[in-house]
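J.: Sharing a structure here in structure tokens format.
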Amino acid sequence: MLLLALSLLPLLFSATSLADVGKALDCRVPSPTDHRIEACLQPVDDVVAVVSGSSYVAKVECKNCPYAQRTERGGHTILKSDQILVKLDYLYTVKPAEYHGAARVTGARYWEIAIDVIGGHSAYMDDPYWEFNDKSQKMVWMLVAGKETKKESHGSKGDNKAAGDLFGPLGDEEKTYEYHIVDMRVQARAYNFPPEKSLTLWDRIGRFFGNDVWEVQGRRFVYRAKDWDYYGKNGTLRKMFGDFVHWDFWYMFWIISGATIAGLIALFSIYKLFLWMLQMKELATWNGMDHVWDNLRQERINEEDALLDGGYRDDPGEGGSPGPSRYTDEPQTMKPLPSKPLPEKPLPDRRYLSYNSSNNVLSDLGVNGNQDLLTRVMVNAAIRSPGIMWRTETKSYVKMVKVAVAGGTGNVATNLLKATIASGNHEITIFTRSDPPQTSPSPTVSYLKVDYQDRASLTTSLTGYDVCLSFLVVHTDTNCVAQRNLIHACISAGVRRFAPSEWGIKNNSGCPPYANKDEIAEHLAQLKVEDKLGGLEYCLFQPSIFMDYFAHPYPLSPELITWPFFIDFEKRRAMVLDDGNQPLVITAISDDSQILLRALEDPRPWPSIGGIRGCRTTINELLALGKKIRGGSWTVDHVRGEDIKKGLLKTTWVPTMSHPVIPVESREEFSVQFVIMFFQGILNGSWDVSEEWNERLSDYKFVQAEEYLRKAWDGRA
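Numbering-wise, the sequence shown is residues -19 to -1, 1 to 698 according to mature numbering (1 follows the signal peptide of the UniProt record, and there is no 0).
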């Protein structure tokens, strides 16, 4: 039917003289008798989508426009003075027009047809005359009327009925329809696009499930598929104005999903109601437990009285006090207890016990001859009868660990020891070079002045300790003398565990300030190979970057000294290294503190490398998270890895390290070197630490970046 409509074009130009066409298009000189004047003056809305019943183009004045038409490559081209003016690409229609200022044909059905000048037969870019959103572009508009003329079977005239759909499927083959052009004009293309607007969450979900989306994303439209039934599945019009989705059965998704969820909820409710009814029935059948407890108490009294009287007697008539019935191996019939504990007097939790038949004891229950008779009888019943369960509460105790902390007065050490100090389970001694403070943060914390240059005195100070944690500032430890002395003093003093001053990056990072860390790690590994560690085990704790730095100046651990980092959430600016997809790990210092406590209490041998992964991410992901949480406009500088390798930082800003140990006059230069060092570590993959402690303590849940940073920045300007 589309070809039928296109075939009307030769009829248009052959049946209508150029003068008539010009008259039809000339709206400047209205004539009271011209039936087309209403169409010329009728207002037309701007086009934002192809919607049934809408007008698509604005009318313009055009006087004596001589057009010719010819077929080229199966398409249609309108010529002006034998020169190509436009190429016709698509033919489309709206609902049948009931009245459009033209003389009505009795019983006819009307169609508005627009031949859109989209730009060429194959692709709009092939048309040199076409420009996007150019109002000077023309469209051919016409009004077509059609009616039934005769029926083949009867050979008679039609019943004055409207013709079949001009663009729909073929109708009754016995019917003949006649179509003719009532009105035609050239009009300008005037597509005014609405402002850009992102799709909402529900729009994206709907689009994912194949629904209509009535939004604009950039300059691409998403239309209802049903409005494109006759306009082709390929071609420039579709390519120009967007993607296509389907509306069909979207409502069924909600109906089916809602019914499924409601059904599951109903089944769960019925199941819980059934269990509750069973419990109530069981309790009602038993009719209370008070007399059971009374009987147990009375039996205990009777048994103790019998022992005091000199023993049990099966026959009360033989003298002595009546006692319990003689023991027999015959199965006893007992009324079962309810399977659910009573609210007021719950039964003990059931537990199967392992019985050692060689000595008739249950060591895990701590049963001995000094316990009361009822306890012994119940334990014996648990042994002899599998149907009766008995459990006693056992309390687990954490072994106290004596911990020596070298460099423990520093800010990082103070925050990492928080959980251990708060537990109160361990004795902590903080080594200090200066005179110790007069007060202590906890009764379990003490201070001791030491000399790290004197290995013998360090050995004396470390005697009796289980663990030694080092937080010494490595780049100020010339030739690693302090840590080497600390290691050998631990070996001599019989210390069981040692953690060198790591607490950050992986080894062999290529960062000069961390060279001493690599040297100590190699020294420990060499001692292990040479079997010179004695009973000392060691672990390199490596939690990578503290997540708290990205919350500066509002870290959730307020005692931690922070400063702006390469992604500055406060001032909405960032540095992106190369493509920004290098992996790195960030971990909240509160999580690191909890892992350290659990490591101290873990009886298993420590791993030599102890990576801690709170959240593994990338620079791009952190930047996207910053924009998501903070919003606003961000300044982003791109840093080249080649420049970093040369020791150069080419950015418009530098995060200033405001640590109190850095002199104010040196902070700018130090900050530049710190950023270069940090990016060097990223290039080497040194901030992408391993996850040994995650695997060891798999039940621990680390706080994630979005959770932490949202909490830190919530309500901040």
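No residue lacks a Cβ here, since even glycine has one placed at the ideal position from N, Cα and C.
Here the structure is a predicted model, which is why all the values come from computation and not from measurement.
1. Going by DSSP in three states, residue 700 sits in which element: helix, strand or coil?
2. Which complete beta strand (DSSP E) runs does the segment 572 to 659 hold, if anything under 3 residues is left out?
3. Do you know offhand how far SER427's Cα is from LEU256's?
4. I'd like to know if the segment 508 to 523 and the segment 472 to 488 are in contact, where contact means that at least 3 CB-CB pairs between them fall below 8 angstroms.
5. For MET556 versus ALA686, is the C-beta spacing smaller than 8 angstroms?
6. How would you label ASN460, buried or exposed, when you count the other beta carbons within 10 angstroms and need 16 or more for buried?
7. With distances taken between CB atoms, is the gap from THR425 to GLY405 smaller than 8 angstroms?
8. Classify CYS471 as helix, strand or coil using the three-state DSSP reduction.
9. According to DSSP, is MET556 helix, strand or coil?
10. Could you spell out where the alpha helix (DSSP H) holding THR459 opens and where it closes?
11. Are the CB atoms of residue 786 and PRO534 nearer to each other than 8 angstroms?
12. Taking the straight line between their C-alpha atoms, what separation do you get for VAL431 and THR413?
13. By the DSSP assignment, the alpha helix (DSSP H) with GLU673 in it spans what residues?
14. Quick check on THR444: does DSSP put it in helix, strand or coil?
15. Just to confirm, are LEU578 and VAL448 a CB contact at a threshold of 8 angstroms?
16. Checking contacts by CB at 8 angstroms: is LEU443 closer than that to chain B?
17. Decide if the segment 591 to 608 is in contact with the segment 630 to 640; the criterion is three or more beta carbon pairs, one per stretch, under 8 angstroms apart.
18. Determine the direct distance from the alpha carbon of ILE625 to that of VAL443, and round the result to whole angstroms.
19. How many Å lie between GLU650 and ILE657 at the Cα?
20. What whole-angstrom Cβ distance do LYS487 and VAL670 have, given they're in contact under 8 angstroms?
21. What span of residues does the beta strand (DSSP E) with GLN523 cover, start to end?
22. List, from N- to C-terminal side, the beta strand (DSSP E) runs of 3 residues or more that fit wholly inside the segment 480 to 548.
23. Mark residue 700 as exposed unless 16 or more other C-beta atoms lie within 10 angstroms of its C-beta, in which case mark it buried.
24. Taking its Cβ as the centre, do 16 or more other Cβ atoms sit within 10 Å of ARG241, making it buried, or is it exposed?
25. With a CB to CB cut of under 6 angstroms and the five nearest residues on each side skipped, what residues in its chain are close to SER667?
26. Could you spell out the range, first to last residue, of the alpha helix (DSSP H) harbouring LYS399?
27. Please report how far the alpha carbon of THR637 lies from the alpha carbon of SER647, in whole angstroms.
28. May I ask you to list the residues that DSSP assigns as paired with LEU259?
29. Can you tell which of LYS608, GLU623, GLY622 has its C-alpha closest to the C-alpha of THR616?
30. Let me know the secondary structure DSSP gives GLU688 once reduced to three states.
31. Using beta-carbon positions only, say whether LYS399 and SER574 come within less than 8 angstroms of one another.
32. Would residue 785 and LEU505 qualify as a contact pair, given that the criterion is a beta-carbon distance under 8 angstroms?
33. Are the CB atoms of TRP674 and GLY591 nearer to each other than 8 angstroms?
34. When you compare only the Cα positions, how much space is there between ILE251 and TRP235?
35. Could you check what DSSP says for SER250 in three-state terms: helix, strand or coil?
36. For the beta strand (DSSP E) containing LYS430, list its first residue and its last residue.
T.: Let me spell this out:
1. Summary: the structure shown does not reach residue 700, with the chain confined to residues -19 through 698, and so no result is reported for it.
2. For the segment 572 to 659, whole beta strand (DSSP E) runs of length 3 or above, ordered along the chain, are 590 to 592, 596 to 599, 616 to 620.
3. Annotation: SER427 to LEU256 spans about 57 angstroms, alpha carbon to alpha carbon.
4. Cβ pair count under 8 angstroms is three or more, so yes.
5. It is not a contact, given that the beta carbons lie outside the stated cut-off.
6. Exposed is the label assigned to ASN460, since fewer than 16 other Cβ atoms lie within 10 Å of its Cβ.
7. Remark: C-beta atoms of THR425 and GLY405 approach each other more closely than 8 angstroms.
8. Three-state result, CYS471: helix.
9. Under the three-state reduction of DSSP output, MET556 falls in the strand class.
10. Judged by DSSP secondary structure, THR459 falls outside any alpha helix (DSSP H); it is assigned neither H nor E.
11. Nothing in the structure corresponds to residue 786, since the chain is present only between -19 and 698.
12. When rounded, the distance between both Cα atoms is 6 angstroms.
13. Its alpha helix (DSSP H) spans residues 673 to 677.
14. In the structure shown, THR444 sits in coil (DSSP, three-state: anything other than H, G, I, E or B).
15. No, these two residues do not count as a Cβ contact at 8 angstroms.
16. Included in the structure is just one protein chain, with no chain B present.
17. Verdict: no, contact absent.
18. In the sequence on display, residue 443 carries Leu and not Val. Taking the straight line joining both Cα atoms gives about 43 angstroms.
19. So the alpha carbons of these two residues sit roughly 11 angstroms apart.
20. Cβ atoms of LYS487 and VAL670 come within 8 angstroms of each other, at about 5 angstroms.
21. Per DSSP, the continuous beta strand (DSSP E) segment holding GLN523 begins and ends at 521 to 523.
22. Taking only runs of at least 3 residues, the beta strand (DSSP E) segments lying wholly in the segment 480 to 548 are 521 to 523.
23. An answer regarding residue 700 cannot be provided, because it is not within the stretch -19 to 698 covered by the chain.
24. The question names Arg, but residue 241 is Thr in the sequence shown. The residue in question, THR241, is exposed, as its Cβ has fewer than 16 Cβ neighbours within 10 Å.
25. Contacts found: ILE486, LYS487, SER490.
26. LYS399 -> alpha helix (DSSP H) spans 399 to 404.
27. One C-alpha to the other measures close to 10 angstroms.
28. DSSP output for LEU259 lists no bridge partner at all.
29. Checking every option, the nearest Cα to that of THR616 belongs to LYS608.
30. In this structure, GLU688 counts as helix in the three-state DSSP scheme.
31. With respect to SER574, LYS399 sits close: the two C-beta atoms are nearer than 8 angstroms.
32. Residue 785 lies beyond the range of the chain shown here (-19 to 698); nothing can be said about it.
33. For TRP674 and GLY591, yes; Cβs fall inside 8 angstroms.
34. Looking at the two C-alpha atoms, the distance is approximately 24 angstroms.
35. SER250 carries a helical assignment under DSSP once its states are collapsed to helix, strand and coil.
36. Looking at the DSSP string, the run of the beta strand (DSSP E) that includes LYS430 is 426 to 430.
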